[in-house]
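The structure appears below as structure tokens.
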Ligand SMILES: [Zn+2]
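Residue numbers (our numbering): 11 to 251.
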């Protein structure tokens, strides 16, 4: 995920009450979402999967059933570092999820497999998101320095460039949302169809883990949109006629 730290630093430097009023609630929502992911994952990682599959096996099976063939499944260091790498066509799972035979491990593995299926079936939003990564990275690196320089030197064109760059970050967040929701929807479908998950309690666990993860993306997007609105208003581009 692309960092929004600069915008938060920005708010602190100016200590603008409006910034905290506008972005504060979204920031709290983001923290709450992070806590929910951790607690949901913790809870469901202690519930063993009835079918006894490991996360790695789940990922393999979901990929196959979804039409994503030839995907390498690997172990990667770190916690919740799971991801699908479209360039190398490698699905990487953290050790807990790779070896784990829990409901949480199956949920995460199936979600990442969902991204592999999106890639294999040329799901347009994923292609758009991948194509858009360079612009979003540029935006997240340079939006804050531009805004900051523009404020210090009281030079509006720099502020406008900063806002344009930040808009690229916001757009990236917006494109990310359907990609994440779609990956989870595919995961749930294949988990049920394949028989990896057969009882309602386990499915409830999968929904809880993936729902909490989705909420973090929603919170990040709300935060980005509100921060953009704040910049637009502060710069005089919005309101204040
Ligand atoms: Zn994802």
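Even glycine gets a Cβ: it sits at the ideal position worked out from N, Cα and C.
Source: prediction; values computed, not measured.
Nearest to residue i (by Cα), restricted to the options the options
i           : options            : result
residue 66  : 121, 155, 143      : 121
residue 63  : 208, 242, 240      : 208
residue 80  : 149, 127, 199      : 127
residue 42  : 83, 223, 166, 55   : 223
residue 161 : 206, 100, 186, 245 : 245
residue 138 : 76, 59, 188, 151   : 188
residue 70  : 157, 133, 204      : 204
residue 109 : 87, 98, 129, 125   : 87
residue 267 : 133, 163, 124, 174 : Here the chain comprises residues numbered 11 to 251, so residue 267 is not present and cannot be evaluated.
residue 116 : 72, 95, 183        : 72
residue 31  : 249, 112, 239, 247 : 239
residue 210 : 60, 234, 40, 39    : 60
Residue i - partner residues in DSSP beta bridges
i           : result
residue 93  : 102
residue 74  : BP columns for residue 74 are empty, so no partner.
residue 82  : 100
residue 112 : 58
7 Å CB neighbourhood of residue i in its chain, flanking five on each side removed
i           : result
residue 92  : 102, 103, 104, 107, 118, 122
residue 186 : 139, 227
residue 49  : none
residue 190 : 224, 227
residue 234 : 14, 179, 180, 183
Endpoints, the alpha helix (DSSP H) within which residue i is located
i           : result
residue 244 : 210 to 244
residue 188 : 166 to 203
residue 144 : 134 to 162
CA-to-CA distance, residue j to residue i, given in whole angstroms
i           : j           : result
residue 12  : residue 143 : The predicted position of residue 12 is uncertain, since its pLDDT is 46 and thus under 50; no value can be drawn from it.
residue 131 : residue 78  : 8 Å
residue 172 : residue 229 : 22 Å
residue 215 : residue 56  : 11 Å
residue 220 : residue 167 : 42 Å
residue 46  : residue 165 : 42 Å
residue 147 : residue 202 : 37 Å
residue 217 : residue 36  : 23 Å
residue 170 : residue 195 : 38 Å
residue 68  : residue 44  : 25 Å
residue 184 : residue 237 : 14 Å
residue 180 : residue 158 : 18 Å
residue 89  : residue 149 : 27 Å
residue 112 : residue 75  : 20 Å
residue 154 : residue 232 : 18 Å
residue 114 : residue 85  : 16 Å
residue 136 : residue 58  : 32 Å
residue 34  : residue 156 : 23 Å
Proximal residues to residue i (C-beta, below 8 Å), its chain only, five neighbours per side dropped
i          : result
residue 99 : 80, 81, 82, 126, 129
residue 95 : 101, 102
Neighbourhood of residue i by C-beta distance below 6 Å, restricted to the same chain and skipping five residues each side
i           : result
residue 248 : 242
residue 124 : 193, 196, 197
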